[in-house]
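S.K.:
In the numbering used here, the protein residues as written are 1033 to 1257.
(1) Should the stretch 1122–1138 be called in touch with the stretch 1172–1183, which here means at least 3 C-beta pairs below 8 Å?
(2) Could you check where the alpha helix (DSSP H) with residue 1206 kicks off and where it finishes?
(3) Within 10 Å of its beta-carbon, does residue 1096 have 16 or more other beta-carbons around it, so buried, or fewer, so exposed?
(4) Please report how far the alpha carbon of residue 1186 lies from the alpha carbon of residue 1039, in whole angstroms.
(5) Assuming residue 1252 and residue 1166 form a contact by the criterion Cβ under 8 Å, report the distance between their Cβ atoms to the nearest whole angstrom.
(6) Just to confirm the assignment: which complete beta strand (DSSP E) runs, minimum length 3, are found wholly within the stretch 1149–1206?
(7) Whole angstroms are fine: how far does the CA of residue 1055 sit from the CA of residue 1189?
(8) Going by Cα to Cα distance, which pick from 1156, 1081, 1148, 1133 is closest to residue 1062?
(9) Could you check whether the Cβ of residue 1095 sits closer than 9 Å to any Cβ belonging to chain D?
(10) With DSSP as the reference, please indicate the residues paired to residue 1035 in a beta bridge.
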């Protein structure tokens, strides 16, 4: 039986609404952990909090503590192009950690980790392809990830121009990097809560709807894996 790890930054309400009383809750090593068991798989859900460090720590926790077979992350993001309207749901193909910068000593591009040939950290292709086959309406995207909430339209435009990114958020780089280093497959499904012109107000007005839509798709994918 597979054990699937689900990492949640802040969108825990969507999980509670979806699984309700079927969840078994406990605290392990400082993490709020929710367990959901079925005849076919065990789902271990950990709430890590916002940001790359929290996400990386939560990912390694699920891998080391529960020996998960894969990591799934869902969440809400900012859109960086006009096409990425509110509640547009997407699957992350690759991530750029755009505030990681060792260029002064390594003479490499901003965002580049030396174990990769360019600035992009790839998610697991087989899982991305599986998600797209199950839900063709998903949009495959490049995610710009860093420890900052991007609200200004010009900042969003700049991220798109510099990295070709479609969305931005605060956890994906930590998740994908740690999964890759542990050889654990990962899948990231995201929904846009604030469009290119939107900011914090738009985020808060749509976050629950976007998270719920995202989790609907994640739940469908888990059942088929």
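Each residue gets a CB set at the ideal place from its N, CA and C atoms; glycine is no exception.
Just so we're clear, the structure is a prediction, and the values are computed from it rather than from any experiment.
M.R.: Let me lay it out:
(1) The stretch 1122–1138 makes contact with the stretch 1172–1183: 3 or more CB pairs, one atom from each, lie closer than 8 Å.
(2) Looking at the DSSP string, the run of the alpha helix (DSSP H) that includes residue 1206 is 1204–1214.
(3) Label assigned to residue 1096: exposed.
(4) Residue 1186 and residue 1039 have their C-alpha atoms roughly 30 Å apart.
(5) So it is a contact: roughly 6 Å between Cβ atoms.
(6) Those beta strand (DSSP E) runs which fall completely within the stretch 1149–1206 and span 3+ residues are 1171–1177, 1199–1201.
(7) Computed Cα separation, rounded: 41 Å.
(8) Taking residue 1062 as reference, the option from 1156, 1081, 1148, 1133 with the minimal CA-CA separation is 1081.
(9) The question asks about chain D, but that chain is absent: this structure has only one protein chain.
(10) Per DSSP, 1074.
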